[in-house]
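Numbers 196 to 247, taken from the numbering used here, label the letters of the sequence shown in order.
Even for Gly, the Cβ is constructed at its ideal location relative to N, Cα and C.
It should be emphasised that the depicted structure is a prediction, and the values quoted were computed from it without experimental measurement.
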Amino acid sequence: MVIEQSATALQQASDRYRKEPGAEARHALQDSLLGAVTSVDELLRREEDGPL
Numbered sequence: 196m197v198i199e200q201s202a203t204a205l206q207q208a209s210d211r212y213r214k215e216p217g218a219e220a221r222h223a224l225q226d227s228l229l230g231a232v233t234s235v236d237e238l239l240r241r242e243e244d245g246p247l
């Protein structure tokens with residue numbers, strides 16, 4: 196679920212940047228990408244620690 200949410204947010208930010216290139220949209224895309232990477236990293240760390 197986390198990965199799907201991150202992918203959706205990243206796709207929306209990417210679409211916005213394509214439609215409205217500029218600093219604000221670029222920052223939103225960067226924030227979304229950072230959030231996606233962070234979410235996946237946290238998920239992988241939890242898996243390394245074993246089942247909850």
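Range of the contiguous alpha helix (DSSP H) that encloses residue i
i	result
residue 219	218-243
residue 199	197-214
Next item on the list: Give a yes or no on contact between the stretch 224-242 and the stretch 203-213, applying the rule of three or more CB pairs nearer than 8 Å.
Entry: yes
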